[in-house]
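Asker: Convert by adding 7 to the 1-based position in the sequence shown; the result is the number in my numbering.
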Amino acid sequence: MRQEFTMDFHFDHSPEVIWPLMIDSPRSNEATGFPRHEATQTPRPDGSVERIARGKFGPFPSEWEEFPWEWVEQHKMRNIRRFRKGIFDNITALFELAPEGDGCHMHAEFSMESSNLFGTLFLLFGGGTNLARKVETFIAANVSNVPDNGPLPAALAGDKVSPAVRSRLTQLVAEIEGGTYGHNLARLLAEFIATGSDVDMNRIRPLELAQKWDAEPRKTIELCLEAVRVGILGMRWDLICPRCRGGEGALPDLAALPEGIHCPSCNIDYQRDFSANVELSFHPAPAIRPINRDENFCLMSPAHTPHVLLQKILEPGEKAQVDIDIAPGAYDLRTLEPGGVVTVDYEGGGFPEVIAGESDMRADEKAKSGIVALRNDSNKRLTLLIERREWLDNIVTADKVTTLQAFRDLCGNQVLRAGDDAAIEHIVLMFSDLRGSTALYNRIGDGPAYHLVREHFAFLVGEVREHNGAIIKTIGDAVMAAFGEPADAVRAMLSIQSHIATFNASQEKEELVIKLGGHAGRTIAVNLNGRLDYFGVTVNLAARLQQESAGGDVVLSQSLADDPAVDALLEGMQFETGAAQMKGFDEPVAYTRLRSPA
């Protein structure tokens, strides 16, 4: 027996706004009662992957093949599940979006076909109709919260934790807010943990929470790190696959991260890159809300791969034309199956025809604007896709989080294993020192001088933390600090020189004069005496630039000063440029010297 259901909606929002909600099949499946399932991904001899899911529809064990979804961004998506075991033969879903007036129209179609008497009875007694109504309720409730990120849809609302855990969360929220890293956000986190969907709990990304709460990213990251300390959250490190953007690893310790890993979904091996694909995310602590991360609500949804604009299955020799407007930019053309990749720098107008061969990809003659032509020249079924080349912008990468003071304070045991090192593509390093410190010790004595130096360290920690950086280590009277962004580093250095007079006045003792230097570039992260540290030319040059400082000024490498974000900061400031021969460098090093504005 086969049943079909259709539904139509009009929304006062554009397709661009509705699309992320429409493709959110993991949450819609959870809300509508589609079973949780475990998936087995097995490579085939040709390199493609067979994906078999197993779950229960009520009391009936089911097994089905997860076929790739097909979609055209902001237009349509389609999926079919073919069952090998259970009460169904197949379940299909189709969603389409089209502009309509000032908003858009959504058309949805579902079909369910039974495979035995139990499946037929399920449909006859309204099981399919009930599922369709739940889908309709979920869509209507979800869209009603756009664009203000309001409460969860009714189908997902309500506590997912016990009253005892609720009480425990209240206590832990008070503990967090009584410390440094609460930022009046702990209550929001506790509510999210207590009521959020299971899908949301699998991978909690601080930058997504910051966007949802309209909060500062650094403060949200600090909150999550503090929540790990008190026992609300656990942390995990993943290596993000460069193709599907899925995470592999799920390891609690940085030291356990391998240098490379295998993605079973894409059937490829790839290497660790701290600056791009090593992600820190979070999940509820098991004592607060246990989550089985091996179970899914949907494996191949476009919600998991938002960088993919178009995905289309073509039979051998098949051609297709797809209506889609693609913005100028860099795109990769490839297949879901193993094969070649072609990069296209698209400047507008007609988009090149996408052609898949037996083991290669080609970009051929351009079609007319608004159309993408696809062709499968191989002798096997292939899934062709077009994806944006930019990396994920909503993840906390290892290179960035390790330059936050909260990470250093709260996660000091999170280091690379001894003997391991990791390349950091770009980091900004600052060195400081006190001018005349030897004379200071002679003048006021070792004890008072040591106390004053420690106070000055605390001052530097506050300034560096406030500007999204971290103190890496102290070296005598000097400090080494790291930042993820050039502008943050320069703001911190200017703020230090601007506020040192206030610090000196508060001590009512000696006036300290600070020398500062900074440089940005590549480096390597290492485990040095149980602490995450950095080594390389960038480190050495930053230290040498600090030695060029006269005190009360900031000396930047010319390459750091020329960074667009830094250049904008320096507009209107007095500065001088120069070059100096520095120890360990064959050629004179160009620099910019500046002072904090009065």
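Yeah, the Cβ is synthetic: ideal placement off N, Cα and C, and Gly gets one too.
#1: Quick check on M589: does DSSP put it in helix, strand or coil?
#2: Measuring alpha carbon to alpha carbon, tell me which residue in S385, M437, F129, V285 is nearest D53.
#3: Label P160 either buried or exposed according to how many other C-beta atoms from any shown protein chain fall within 10 Å of its C-beta, with 16 as the threshold for buried.
#4: Does DSSP put E45 in a helix, a strand or coil?
#5: Can you list, in chain order, the residues of its chain whose CB lies under 7 Å from that of R51, leaving out five sequence neighbours each side?
#6: Ignore the nearest five residues each way along the sequence and tell me which others in F542's own chain have a CB closer than 7 Å to its CB.
#7: Pairing CB atoms from the segment 361–371 with CB atoms from the segment 341–351, are three or more of them under 8 Å?
#8: With C-beta atoms as the reference, is P224 less than 8 Å away from A217?
#9: To the nearest angstrom, report how far apart T409 and I320 are at their CA atoms.
#10: Based on Cα-Cα distance, which residue from D221, S69, L539 lies nearest to G419?
#11: Is it right to say Y338 is buried, meaning 16 or more other beta carbons lie within 10 angstroms of its own, or is it exposed?
#12: Check whether the segment 254–263 and the segment 435–450 are in contact - that is, three or more C-beta pairs closer than 8 Å.
#13: By the three-class DSSP mapping on this structure, what secondary structure does A405 have?
#14: Rounded to the nearest angstrom, what separates A405 and R212 at their Cα positions?
#15: Output the distance between the C-alpha atoms of T144 and A115, rounded to the nearest integer angstrom.
#16: Return the CA-CA distance between A496 and C231, expressed in angstroms with no decimal places.
#17: One question on the structure: do N383 and G426 come within less than 8 Å of each other, judged by their Cβ atoms?
#18: Under a Cβ-count criterion, where at least 16 other Cβ atoms within 10 Å of its own Cβ denotes burial, should K590 be classed as buried or exposed?
#19: Output needed for D440: all residues of its chain with C-beta closer than 7 Å, excluding positions within five of it in sequence on either side, in chain order.
#20: Are the segment 284–297 and the segment 242–251 touching by the rule of at least three beta carbon pairs closer than 8 Å?
#21: Give the straight-line distance between the Cα atoms of Q421 and T49, rounded to the nearest whole angstrom.
#22: Within 10 Å of its beta-carbon, does S121 have 16 or more other beta-carbons around it, so buried, or fewer, so exposed?
#23: Where do the ends of the alpha helix (DSSP H) carrying Q565 lie?
#24: As an exercise, report each continuous beta strand (DSSP E) stretch of at least 3 residues that is fully enclosed by the segment 472–501, in chain order.
#25: For A532, which residues does DSSP report across the bridge?
#26: How is C231 classed by DSSP in three states: helix, strand or coil?
#27: Is it right to say V315 is buried, meaning 16 or more other beta carbons lie within 10 angstroms of its own, or is it exposed?
#28: Below 8 Å between beta carbons: does that hold for E344 and S55?
#29: Enumerate, from N- to C-terminal direction, the unbroken alpha helix (DSSP H) stretches of 4 or more residues contained entirely within the segment 195–266.
#30: Pick out whichever of Y188, H290, F281, D109 has its Cα sitting closest to the Cα of A413.
#31: The alpha helix (DSSP H) with M29 in it runs from where to where?
#32: Evaluate contact between the segment 75–86 and the segment 21–40, counting only Cβ atoms and requiring at least three cross-stretch pairs below 8 Å.
#33: Measure the C-alpha to C-alpha separation of Q178 and A465 and round it to an integer number of angstroms.
#34: Counting only runs that start and end within the segment 318–396, where is the alpha helix (DSSP H) found for 4 or more residues in a row?
#35: List the residues that DSSP assigns as beta-bridge partners of W71.
#36: When the Cα atoms are used, what is the spatial distance from I98 to R88?
Answerer: Let's see:
#1: coil
#2: S385
#3: Any answer about P160 is weak, because its pLDDT of 46 lies below 50 and its placement is not dependable; what the coordinates show is given next. It is buried - the Cβ of P160 has at least 16 other Cβ atoms within 10 Å.
#4: strand
#5: E57
#6: T530, I531, V533
#7: yes
#8: yes
#9: 42 Å
#10: L539
#11: buried
#12: no
#13: helix
#14: 13 Å
#15: 13 Å
#16: 23 Å
#17: no
#18: exposed
#19: D484, A485, K522, Q553
#20: yes
#21: 33 Å
#22: buried
#23: 565–568
#24: 476–482, 485–490
#25: A429, Y541
#26: helix
#27: buried
#28: yes
#29: 205–209, 213–220, 224–237
#30: Y188
#31: 22–29
#32: yes
#33: 30 Å
#34: none
#35: A60, F90
#36: 5 Å
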